[in-house]
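K.L.:
Protein chains in written order, with the working numbering: chain A, 696 to 1009; chain B, 696 to 1009; chain C, 696 to 1009. For every residue, glycine included, the Cβ atom is placed at its ideal position computed from N, Cα and C.
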Amino acid sequence: MAITKKLKPIKISQKHLLGIQDLSISDVKLILQEAKKFIKLNKSRNKKTNILRGKTQINLFFEPSTRTQSSFELAGKRLGADVMSMNITNSAIKKGETLIDTAMTLNAMHPDLIVIRHQDSGASNLLSQKVNCSVINAGDGRREHPTQALLDALTIIERKKKIEGLRIGICGDILHSRVARSNIYLLNMLGAEVNIIAPTNLMPENIERFGVNKFSDMKKGLKDCDIVMMLRLQNERMSSSFLSSNREYYEYYGLTPDKLNYAKSDALIMHPGPMNRGIEIDTNLADDINKSVIKEQVELGVAVRMACLKIFCK
Amino acid sequence: MAITKKLKPIKISQKHLLGIQDLSISDVKLILQEAKKFIKLNKSRNKKTNILRGKTQINLFFEPSTRTQSSFELAGKRLGADVMSMNITNSAIKKGETLIDTAMTLNAMHPDLIVIRHQDSGASNLLSQKVNCSVINAGDGRREHPTQALLDALTIIERKKKIEGLRIGICGDILHSRVARSNIYLLNMLGAEVNIIAPTNLMPENIERFGVNKFSDMKKGLKDCDIVMMLRLQNERMSSSFLSSNREYYEYYGLTPDKLNYAKSDALIMHPGPMNRGIEIDTNLADDINKSVIKEQVELGVAVRMACLKIFCK
Amino acid sequence: MAITKKLKPIKISQKHLLGIQDLSISDVKLILQEAKKFIKLNKSRNKKTNILRGKTQINLFFEPSTRTQSSFELAGKRLGADVMSMNITNSAIKKGETLIDTAMTLNAMHPDLIVIRHQDSGASNLLSQKVNCSVINAGDGRREHPTQALLDALTIIERKKKIEGLRIGICGDILHSRVARSNIYLLNMLGAEVNIIAPTNLMPENIERFGVNKFSDMKKGLKDCDIVMMLRLQNERMSSSFLSSNREYYEYYGLTPDKLNYAKSDALIMHPGPMNRGIEIDTNLADDINKSVIKEQVELGVAVRMACLKIFCK
């Protein structure tokens, strides 16, 4: 850190934040360093800055979202940007306009940043090819959710002071999860050992090629983990045939005190939210302030998004 | 007033504004005094202040609302706060997240104020136990709608110069009305004589214990009233069996010139809106600028909400 | 232009912007001159001004809209106004409140500007009679959409340096189109020759009384045109009986390279959006940067709306 303070951080290598896959390790460090500064600001009495005053940020959400959209909206407003949030299900898409036409329309209004969430994998990449401003991917289909992985990394670093060498278990519906995908890339890059735990029908094929360990037995997968990262069971993305029942899922893949015992005694519990209490996680564990850092994830999420908006806004 | 000017007003006794029931008389006076200052500001050419600059206000509306949500949004913006309005029917609640999880998520983003409207009585109290910031109740089920009662009181004071000793008739669907409940508490506290007028099946049991007079005959209830406060017939909260027809309701409990004659000749008409014209109120009376102060209620509503946001924001 | 620079521009003759029909030619020139200044601002790094700081702008949209609502929202924010956007389908209209009661409620909150879009022709006029602030019509039924016509005029002037003497073809669903109506008024006023092209059942009766030429054959109507203005096929406003099929429509009234050949070789293509690609316009023509100025229309739309908000805000 002494060295990074002397050397001015390398400028971000990307124009857009589309996925962790596109980032270099110095990009990641730059974002996390910047984010740390905003943690304190967000706790202070005056949370308003002029950093992005005069800039226009458009939040383009094709899927409903409470936490991510709120997080980006507050991040932009606290930086002083003009923020316009568009819930696209309520608008001209009804008239049959395509993503591309919507993008080009908004682009012509000269935004500086577009934050997009879309149900299709690759939607943010497509958008980035059609607009002049920076695009921040807030989740595209099953592909990536880079700011989630970045805030998860920041949460781990704040608590464990490092990521390198930690054993991190990611458990649940890996197949449909952009959160899992972005976290696998990022945690690997930062030197963690990643255990992937899922029932066979929710485990992507050839997941090992990403350099992770694969488990279908949760107890084995959680063995000696420093971090237990639970995923949301994406009921809305699955046909019912995947799982015989929520109850059975909870028995085998829900995080319970019993299963958590296999992880390290100081293991931390993470969840990107929103939680299905009693399905993928025991409700008391979710609220256990000694083990769960779920609220901290949300808190640091605003800081990470402020950093991303600041860095990627030209 | 000379005395209150010398003595610095006592600080508000509450952290949250959950209901009139929790307020002391000096709390109420503090809010109304502060609100008076904002009446003038809202009529001026430059309505923007920096009083809440750097603060974050979240409007969390689980029920649709035009006037209350707009009123709080404009109030916050004119005070310089960053305001984020969330219509929660369009968001993660669809994914099965509970009120508490939503609250804790938003809380982690360090808002300074959460304004909540919710269909369940007690929702704002529950929220206030889970968050660090101040909670303002913008209506919870049948329980309370404190800013409505405060703006009603301010409207009466502006016109009648006092509340003490006035006879005030509240007429309509008392059973389902949070507006009635908050007004009964506040008007009693401020020394008015309150007449409650409703058909038997829309009259709460034991309403007399709140120190009000009870009437099922509107003409008797309005006798010599200084203020006639009509309530909205809450069609959406009632099963159709309560009333044989809107027409019958209008005949017995709709405010008509005929019935208004029983009140004092200078009686003022109030309504919290939105009105069902021709059901609970004659459309010409609603618009009679010599008798109706319905528009003034909306106007002073913004001022009262500005006062509440300022006072309750720490 | 030298003269207009010396003479201080005449103040706007109207309180509201309800339709092109109400504007004088000097009103139009004043708006377009003002708009030109904002084109540059919108391309600059700092797009924020304090021109409307302290003012309240309410966007009251009864019909969903991406581009128009966004355009007005960004315009207001960049001018420094407090902007509140209301999608009225999500709010108290569900409770049965009328347009007038909504208007009077909002009016009591002392906005400086209300921007309204409504499905009924004349809604903005009705609103303007009930409120104290300025009303900007963002589209009312089939009647007018004045800012669209103004931005179209500005786009033509930017490219062709004039409007007078140009031959302009407007083609498509004239019957249901407020865009056509406003453009006919404005282009006539500015001295263009206007050709109206539509199938018989989408052509209003007696359209000639507006001083336009009427064609049912697109090739004849486009002959030697400088500007080809395509309209959106308003599927949502039509019963299916008007047209035998989209395919047939495209054959006779869709803009194709083939038909465009009848216009001048340097003819520009315009469309108010959102486009039905492959129905009223060939998708490649829509994107042809040498011929299509569709994106420029959107871009100049923000500038025109900034000018209108500034000029009409008292």
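Could you have a look at A:A787 and say whether DSSP puts it in helix, strand or coil?
P.N.:
The residue labelled residue 787 of chain A in the question sits at position 92 within the first sequence. With a pLDDT of 43 at A:A787, under the threshold of 50, the modelled position of this residue cannot be trusted, and the question is left open.
K.L.:
Are the C-beta atoms of C:M970 and some chain A residue less than 8 Å apart?
P.N.:
Counting from one through the third sequence, the residue named residue 970 of chain C turns up at place 275. Output row for C:M970: interface = yes.
K.L.:
So, are the CB atoms of A:A958 and A:L917 less than 8 Å apart?
P.N.:
Here residue 958 of chain A refers to the residue found at position 263 when the first sequence is read from its first residue. Here residue 917 of chain A refers to the residue found at position 222 when the first sequence is read from its first residue. A contact, by the Cβ cut-off of 8 Å.
K.L.:
So the alpha helix (DSSP H) C:M884 belongs to, where does it begin and stop?
P.N.:
For the purposes of this step, residue 884 of chain C is taken as the residue at position 189 of the third sequence. R873 to M884 is the span of the alpha helix (DSSP H), which, as asked, contains C:M884.
K.L.:
Helix, strand or coil, according to DSSP, for A:K856 in the structure here?
P.N.:
Within the first sequence, residue 856 of chain A is the residue found at index 161, counting from 1. Residue state, collapsed to three classes: coil.
K.L.:
Verify whether the separation of the beta carbon atoms of C:N832 and C:L713 is less than 8 Å.
P.N.:
As a position in the third sequence, residue 832 of chain C is number 137, starting the count at 1. As a position in the third sequence, residue 713 of chain C is number 18, starting the count at 1. Yes, Cβ-Cβ distance for C:N832 and C:L713 is below 8 Å.
K.L.:
Measuring only the C-alpha atoms, how far is C:S708 from C:S719?
P.N.:
On the third sequence, position 13 is the one that residue 708 of chain C refers to. On the third sequence, position 24 is the one that residue 719 of chain C refers to. Approximately 7 Å between the Cα atoms of the pair.
K.L.:
Nearest-angstrom Cα distance between B:L881 and C:S823?
P.N.:
Position 186 of the second sequence holds residue 881 of chain B. Position 128 of the third sequence holds residue 823 of chain C. Their backbone Cα atoms lie some 37 Å apart in a straight line.
K.L.:
Chain B partners of A:N741, CB-CB under 9 Å?
P.N.:
For the purposes of this step, residue 741 of chain A is identified with residue 46 of the first sequence, where counting begins at 1. Within chain B, the residues near A:N741 are R748, G749 and K750.
K.L.:
Spell out a yes or no on whether the region 992-1005 of chain B and the region 833-843 of chain B are touching, meaning 3 or more CB-CB pairs, one atom from each, closer than 8 Å.
P.N.:
A contact exists between the region 992-1005 of chain B and the region 833-843 of chain B.
K.L.:
If B:K1009 and B:I746 are in contact, beta carbons under 8 Å, what's the gap, nearest whole angstrom?
P.N.:
On the second sequence, position 314 is the one that residue 1009 of chain B refers to. On the second sequence, position 51 is the one that residue 746 of chain B refers to. Their Cβ separation, rounded to whole angstroms, is 13 Å, which puts B:K1009 and B:I746 out of contact at 8 Å.
K.L.:
Compute the Euclidean distance between the alpha carbons of C:L846 and C:N782, then round it to the nearest angstrom.
P.N.:
The residue labelled residue 846 of chain C in the question sits at position 151 within the third sequence. The residue labelled residue 782 of chain C in the question sits at position 87 within the third sequence. Each residue's alpha carbon lies about 24 Å from the other.
K.L.:
Short of 7 Å in beta carbon distance, which residues of its chain neighbour B:N827, apart from the five on each side in sequence? Order them along the chain.
P.N.:
For the purposes of this step, residue 827 of chain B is identified with residue 132 of the second sequence, where counting begins at 1. So the list reads N802, once near-sequence residues are dropped.
K.L.:
Identify whether C:Q752 lies in helix, strand or coil by the three-state DSSP scheme.
P.N.:
Position 57 of the third sequence, counting from 1, holds the residue named residue 752 of chain C. C:Q752 falls in the strand class under three-state DSSP.
K.L.:
Per the contact definition of three or more C-beta pairs closer than 8 Å, is the region 799-819 of chain B in contact with the region 738-754 of chain B?
P.N.:
Yes, they touch.
K.L.:
Using CA coordinates, which residue listed in A:E853, A:P806, A:R838 and A:P899 is at the minimum distance from A:G830?
P.N.:
Reading the first sequence from its first residue, position 135 is the one you call residue 830 of chain A. Gly is not the amino acid found at residue 830 of chain A; the sequence shown has Val there. Here the closest residue by C-alpha is A:P806.
K.L.:
Taking just the CA atoms, how far does C:N820 sit from C:N890?
P.N.:
Within the third sequence, numbered from 1, the residue matching residue 890 of chain C stands at position 195. Within the third sequence, numbered from 1, the residue matching residue 820 of chain C stands at position 125. Going by the C-alpha atoms only, they are around 28 Å apart.
K.L.:
List, in chain order, every chain B residue whose beta-carbon is nearer than 7 Å to that of C:T797.
P.N.:
As a first step, residue 797 of chain C must be located in the third sequence, where it is residue number 102. Correct list: T761.
K.L.:
Applying the criterion that 16 or more other CB atoms from any shown protein chain within 10 Å of the CB defines a buried residue, is B:Y947 buried or exposed?
P.N.:
The count along the second sequence starts at 1 and reaches residue 947 of chain B at position 252. Per the 10 Å Cβ criterion, exposed.
K.L.:
If contact is defined by three or more beta carbon pairs under 8 Å, each pair taking one atom from either stretch, is the region 951-966 of chain A in contact with the region 980-993 of chain A?
P.N.:
A contact exists between the region 980-993 of chain A and the region 951-966 of chain A.
K.L.:
Which residues in chain A have a C-beta closer than 8 Å to the C-beta of C:S987? List them in chain order.
P.N.:
Start at 1 with the first residue of the third sequence, and residue 987 of chain C comes out as number 292. Here the premise fails: no neighbours, minimum Cβ distance about 11 Å.
K.L.:
Excluding sequence positions up to five away, which residues of its chain have a Cβ less than 7 Å from the Cβ of C:C1003?
P.N.:
Numbered from 1 along the third sequence, position 308 holds the residue referred to as residue 1003 of chain C. L712, I726, I831 and T842, listed in sequence order.
K.L.:
Buried or exposed for A:Q929, please, with buried defined as at least 16 other CB atoms from any protein chain shown within 10 angstroms of its CB.
P.N.:
One-based indexing of the first sequence puts residue 929 of chain A at position 234. A:Q929 should be labelled buried.
K.L.:
Run the CB neighbour count on C:T797, radius 10 Å, all protein chains shown included, and call it buried at 16 or more, exposed below.
P.N.:
Locating residue 797 of chain C in the third sequence gives position 102, where the first residue counts as 1. Label assigned to C:T797: buried.
K.L.:
CB-CB under 6 Å to A:E991, same chain, minus the five flanking residues each way: which ones, in chain order?
P.N.:
For the purposes of this step, residue 991 of chain A is taken as the residue at position 296 of the first sequence. Here the set comprises T850.
K.L.:
Can you give the Cα-Cα distance for C:I869 and C:P967, rounded to whole angstroms?
P.N.:
Sequence index remark: in the third sequence, residue 869 of chain C carries index 174 (1-based). Sequence index remark: in the third sequence, residue 967 of chain C carries index 272 (1-based). Going by the C-alpha atoms only, they are around 13 Å apart.
K.L.:
Residues in the region 815-844 of chain C with C-beta within 8 Å of chain A's C-beta atoms, listed in sequence order?
P.N.:
Taking 8 Å as the Cβ-Cβ cut-off against chain A, none of the residues of the region 815-844 of chain C qualify.
K.L.:
In this structure, how does DSSP classify A:D847 when only helix, strand and coil are distinguished?
P.N.:
On the first sequence, residue 847 of chain A is found 152 positions in, with the first residue counted as 1. A:D847: helix per DSSP, three-state reduction.
K.L.:
Run down chain E in chain order and give the residues with a C-beta less than 7 Å from the C-beta of B:A958.
P.N.:
In summary, chain E is missing from the structure at hand, where the protein chains are A, B and C.
K.L.:
Could you check the C-alpha separation between C:R941 and C:S960 for me, to the nearest Å?
P.N.:
Taking the third sequence and counting its residues from 1, one reaches residue 941 of chain C at position 246. Taking the third sequence and counting its residues from 1, one reaches residue 960 of chain C at position 265. Correcting the residue identity first, residue 941 of chain C is Asn in this sequence and not Arg. C:N941 and C:S960: Cα-Cα distance of roughly 28 Å.
K.L.:
Using the beta-carbon of each residue, which ones in chain B are nearer than 8 Å to C:H805?
P.N.:
Locating residue 805 of chain C in the third sequence gives position 110, where the first residue counts as 1. The answer, in chain order, is N737, K738, K742, E994 and V997.
K.L.:
Looking at the secondary structure, which residues open and close the alpha helix (DSSP H) in which B:V826 lies?
P.N.:
As a working mapping, residue 826 of chain B is identified with position 131 in the second sequence. No alpha helix (DSSP H) contains B:V826, which DSSP labels as neither H nor E.
K.L.:
Any chance you could list the alpha helix (DSSP H) runs of at least 4 consecutive residues sitting entirely within the region 898-973 of chain A, in chain order?
P.N.:
List check, alpha helix (DSSP H) in window: 913-917, 941-948 and 952-955.
K.L.:
With a 10 Å radius around its C-beta and 16 neighbouring C-beta atoms as the bar for buried, classify C:S786 as buried or exposed.
P.N.:
As a working note, residue 786 of chain C is residue 91 in the third sequence. Reliability fails at C:S786, whose pLDDT of 46 lies under 50, so the model's placement of it is uncertain and no value is given.
K.L.:
Who are the Cβ neighbours of C:Q764 in its own chain at under 7 Å, not counting the five residues just before and after it?
P.N.:
Locating residue 764 of chain C in the third sequence gives position 69, counting from the first residue. The answer, listed in chain order, is N754, F756 and S780.
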